[in-house]
Amino acid sequence: MVDNPLCHTTTILASVSPEQAIAFLRAPEEVGTWALGTWDTRPVNGHEGVYVGHSLLDGAEQSFFRVAESDSAGTIDYEVGSAAGALAKRVSIKVVPGADFGHDADTCLITLIGWRPKDMTDERWKRLCAFHEVEILMIEARLRGKRPPGQKETS
208 MVDNPLCHTT TILASVSPEQ AIAFLRAPEE VGTWALGTWD TRPVNGHEGV YVGHSLLDGA
268 EQSFFRVAES DSAGTIDYEV GSAAGALAKR VSIKVVPGAD FGHDADTCLI TLIGWRPKDM
328 TDERWKRLCA FHEVEILMIE ARLRGKRPPG QKETS
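Numbering (the working numbering) for the sequence shown: 208 to 362.
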């Protein structure tokens with residue numbers, strides 16, 4: 208369900224250390240193993256640090272992204288867009304130690320945050336929010352070493 212028309216968040220408890228989660232989430236090649244809009248990620252020639260993948264929804268739509276600077280407090284920012292030269296910060300992930308919230312020491316909370324651009328249609332926003340609800344589950348599965356048949360680890 209989409210409650211906020213400007214921002215969507217979803218969180219999961221993962222059974223890995225914050226450091227493991229952050230390393231995985233910072234790896235651009237891994238984004239294509241969990242992000243439904245940038246499946247089968249590959250680098251874009253001539254655009255340093257920019258990657259492209261296709262949507263699993265229709266296979267035709269391409270999305271470009273860059274893993275922007277991450278901070279020491281466990282925030283990973285992603286710049287995304289429909290062209291390699293037109294990226295904007297629209298997605299962030301925050302990783303915090305599970306122990307800070309009473310969970311085991313070797314766990315972490317992972318929160319996926321997406322912001323809605325002014326020109327995004329209601330239909331597209333609802334789809335993005337639904338994708339994020341699935342993507343957080345895929346992140347947790349990848350951190351446990353679970354992958355679809357035929358999908359190999361990129362690291």
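Every residue gets a Cβ at the ideal spot worked out from N, C-alpha and C, and that includes glycine.
Can you tell me whether V251 is helix, strand or coil according to DSSP? DSSP places V251 in coil when its eight states are reduced to three.
#### Entry: Exposure of C214, with buried meaning 16 or more beta-carbon neighbours within 10 Å
Around the beta carbon of C214, fewer than 16 other beta carbons sit within 10 angstroms, so the residue counts as exposed.
Margin query: For a test of the three-state rule: what should DSSP assign to V238, helix, strand or coil?
Written below: Three-state result, V238: helix.
Based on the DSSP output, what are the partners of R273 in its beta bridges? In the DSSP secondary-structure assignment, R273 is bridged to V257, E286.
Figure out for me which residue from G288, R349, S277, I229 has the closest Cα to the Cα of Q269. Here the closest residue by C-alpha is G288.
- Task: Give me the Cβ distance between G303 and G321, rounded to the nearest whole Å; I'm assuming they're in contact under 8 Å.
- Result: First, the amino acid is wrong: residue 303 is Val here, not Gly. Actually they are not in contact, since the Cβ atoms of V303 and G321 sit about 18 Å apart, beyond 8 Å.
| message | Could you check whether G260 and T248 sit closer than 8 Å to each other, using their CB atoms as the reference points? | response | It is a contact, given that the beta carbons lie within the stated cut-off.
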